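Following the working numbering, the numbering of the sequence shown begins with 218 at its first residue and continues without gaps.
In this text, a Cβ means the ideal position worked out from N, Cα and C, and glycines have one as well.
Being a predicted model, the structure only gives us computed values, none of them experimental.
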Amino acid sequence: MAIKPLPMLLVPALLNACRGLSTANGVDLNAPPGSEPPRCNTGYVVQALQNAGTQVLPQLLVALDDNDESVRQLAADTLLGLAHDSPAAWPAVITAMANTHYEIPPRIAGFLPDKVGAPIAPLLVRSLNDSKPRIRGGSAMALSWLLERYGNPNAPNDYVEPPSALNRYGLTLSGAVLDIAKVLNSLEPDQRAQTIQGLAGIGPPAKGAIPYVPPMFKDHNPSVRWSAVYFFGAMGQAGKVAMPDVIRSLKDPDKGVRLRAMAFLESCGPAAKDAVPDLAIALKSTDTDTIEQASLALASIDPSQEGILPGVMLTLNDPNHPEDRANAFKALTNLGSRAKPAAPALVHLIATDLDSENSDDKALTAMRL
Numbered sequence: 218m219a220i221k222p223l224p225m226l227l228v229p230a231l232l233n234a235c236r237g238l239s240t241a242n243g244v245d246l247n248a249p250p251g252s253e254p255p256r257c258n259t260g261y262v263v264q265a266l267q268n269a270g271t272q273v274l275p276q277l278l279v280a281l282d283d284n285d286e287s288v289r290q291l292a293a294d295t296l297l298g299l300a301h302d303s304p305a306a307w308p309a310v311i312t313a314m315a316n317t318h319y320e321i322p323p324r325i326a327g328f329l330p331d332k333v334g335a336p337i338a339p340l341l342v343r344s345l346n347d348s349k350p351r352i353r354g355g356s357a358m359a360l361s362w363l364l365e366r367y368g369n370p371n372a373p374n375d376y377v378e379p380p381s382a383l384n385r386y387g388l389t390l391s392g393a394v395l396d397i398a399k400v401l402n403s404l405e406p407d408q409r410a411q412t413i414q415g416l417a418g419i420g421p422p423a424k425g426a427i428p429y430v431p432p433m434f435k436d437h438n439p440s441v442r443w444s445a446v447y448f449f450g451a452m453g454q455a456g457k458v459a460m461p462d463v464i465r466s467l468k469d470p471d472k473g474v475r476l477r478a479m480a481f482l483e484s485c486g487p488a489a490k491d492a493v494p495d496l497a498i499a500l501k502s503t504d505t506d507t508i509e510q511a512s513l514a515l516a517s518i519d520p521s522q523e524g525i526l527p528g529v530m531l532t533l534n535d536p537n538h539p540e541d542r543a544n545a546f547k548a549l550t551n552l553g554s555r556a557k558p559a560a561p562a563l564v565h566l567i568a569t570d571l572d573s574e575n576s577d578d579k580a581l582t583a584m585r586l
């Protein structure tokens, strides 16, 4: 039996169905009974709204500006569902990219690869030249995240497609990357940062954007500067052209940018020898994160420097950054005989640490010491 379209008179009531309610997925098993806010089953509500068809689009665009976050999320998810079903909804997707609520454009851009995919890419490319900066920025962000599927074989998507899949829509991966890169300077800072990170997600196939990213090192927004360092770190060997800019970033006023610069330089090894003086200064910082990252970078670049080992051991024992432990084991190997004083502490760590993920690395490092 065919399902009748949802009467438009019911749309406002459904959009208000989750007002003031939590739309979070799952249940917090550690929460005391009765402490969690009432939840809204967004799946059923979105399905019902989507059943109204594209005639509901004007009301969805209004709802995207609602003061209630749950209402905005319902509208965004319904819009994505309609975009999946019909290209007639795609212009509304582009319009939604201009939304000023911080979570809406990234939510829509993040789901576009799965909901629509490459067919919407030509419209996103055309929207890069829109007169409204927010639409340009949202389209650039969405396109960069979409291209990740076609450029990065290790992309965290449900599936990855070859770049040739873009050809049937009149696009090439390198051409689309260049289209994005050319508008970077015209985007608003938050969307500029997210777009640069999207280009970084594509990996080395996005190297065509390299000439357009260095000015971002001087951007007044620290998120943009951080993204620039991150981008060059993702470009592989080609990204090392930015090493002078990254070394200057060691003096950036923002701690996050400085730490990202140290991580980049660590990956460069001895080729980053010009960074040693600034890293040696960072090693004497009173900030634990700075000491740890400077130690890892120096162990990779010039392990003969004094004072590296204490910082590496801080990393090994830091419960807040377990993801850095693998780099710490590598740093100990680089230090060679200079790391011998760490042997007892490393043996103790092997005996007491319940984290099995790096157990092989620990054992091998201990044996080398």
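> Under 7 Å, do A417 and S440 count as touching if we go by C-beta distance?
Replying inline: Result no, Cβ atoms of A417 and S440 do not sit closer than 7 Å.
> Using 8 Å as the threshold, is the segment 485–493 in touch with the segment 452–463, meaning 3 or more CB pairs across them?
Replying inline: The segment 485–493 is in contact with the segment 452–463.
>> Which residue wins for smallest C-alpha separation from H437, given the options V342, G415 and D407?
In response: If we check each option's Cα against that of H437, D407 comes out closest.
> Based on Cα-Cα distance, which residue from N233, A478, G456 and Y319 lies nearest to A423?
Replying inline: Of the listed residues, the one whose Cα sits closest to A423 is G456.
> So, helix, strand or coil for R343, using DSSP?
Replying inline: Of the three classes helix, strand and coil, the one that applies to R343 here is helix, per DSSP.
> So what does M256 bridge to, in DSSP terms?
Replying inline: For the sequence presented, residue 256 should be read as Arg rather than Met. When beta bridges are read from the DSSP output, R256 appears opposite S239.
>> Just to confirm my understanding: we take G243, look at its own chain, exclude 5 residues before and 5 after, and list those with CB closer than 7 Å. What are they?
In response: No answer about G243 holds up, because its pLDDT of 47 lies below 50 and its placement is not dependable.
>> Among T507, R343 and M314, whose alpha-carbon lies nearest the alpha-carbon of V474?
In response: With distances taken between CA atoms, V474 lies nearest to T507 out of T507, R343 and M314.
> What span of residues does the alpha helix (DSSP H) with F328 cover, start to end?
Replying inline: F328 -> alpha helix (DSSP H) spans I321 to K332.
>> Can you list, in chain order, the residues of its chain with a C-beta nearer than 6 Å to that of L515? Leave out the 5 residues immediately preceding and following it.
In response: Shown here for L515: same chain residues with a beta carbon closer than 6 Å to its own, the five before and five after excluded, namely L496, Q522 and I525 in chain order.
> Which full runs of the alpha helix (DSSP H) of 4+ residues lie inside the segment 256–287, going along the chain?
Replying inline: The segment 256–287 contains these whole alpha helix (DSSP H) runs: 259–267 and 274–280.
> Mind checking I498: buried by the 16 CB within 10 Å criterion, or exposed?
Replying inline: That one is exposed.
>> I'd like to check one pair, S466 with A478: are the Cβ atoms closer than 7 Å?
In response: Yes, these two residues count as a Cβ contact at 7 Å.
> Taking DSSP as the reference, what is the three-state secondary structure of G387?
Replying inline: Judged by DSSP in its simplified three-state form, G387 adopts coil rather than helix or strand.
>> For T503 and F448, I'd like the C-alpha separation in whole angstroms.
In response: If you take the alpha carbons of T503 and F448, they lie about 28 Å apart.
>> Once the 5 residues before and after A234 are set aside, which same chain residues still bring their CB inside 6 Å of it?
In response: If we look at A234 and ignore the five residues flanking it on each side, its Cβ neighbours are V262.
> Under three-state DSSP, which class holds P224?
Replying inline: It is coil, neither helix nor strand.
>> Within the continuous alpha helix (DSSP H) that includes I311, where are the two ends?
In response: Here the alpha helix (DSSP H) through I311 covers W307 to A313.
> Is A416 helix, strand or coil when you go by DSSP?
Replying inline: According to the sequence as given, residue 416 is Leu; it is not Ala. Secondary structure of L416 (DSSP, three-state): helix.
>> Can you list, in chain order, the residues of its chain with a C-beta nearer than 7 Å to that of A269? Leave out the 5 residues immediately preceding and following it.
In response: Cβ within range, chain order: P222, L223, M225 and V228.
> What's the gap between the Cα of L340 and the Cα of E365?
Replying inline: Spanning the two alpha carbons is a distance of roughly 17 Å.
> Under the three-state reduction of DSSP, which class applies to T507: helix, strand or coil?
Replying inline: Reduced to three states, the DSSP call for T507 is helix.
>> Quick check: the segment 383–395 against the segment 322–329, are at least 3 beta-carbon pairs closer than 8 Å?
In response: No: fewer than three Cβ pairs fall under 8 Å.
> For the candidate residues E378, N534, R236 and K349, whose alpha-carbon lies nearest to that of G334?
Replying inline: With distances taken between Cα atoms, G334 lies closest to E378.
>> Would L281 and A230 be called neighbours here (beta carbons separated by less than 7 Å)?
In response: No. Outside cutoff.
> Should E540 be labelled buried (16 or more other beta-carbon atoms within 10 Å of its own) or exposed?
Replying inline: Exposed, since its Cβ has fewer than 16 Cβ neighbours within 10 Å.
> Nearest-angstrom Cα distance between P308 and L291?
Replying inline: Rounded to the nearest angstrom, the two C-alpha atoms are 18 Å apart.
> From K435, W362 and S361, pick the residue whose C-alpha is nearest to that of P470; which is it?
Replying inline: Taking only the C-alpha atoms, the option nearest P470 is K435.
>> Can you look up D245 in the DSSP assignment and give me helix, strand or coil?
In response: Reliability fails at D245, whose pLDDT of 49 lies under 50, so the model's placement of it is uncertain and the value that follows must be treated cautiously. In the structure shown, D245 sits in coil (DSSP, three-state: anything other than H, G, I, E or B).
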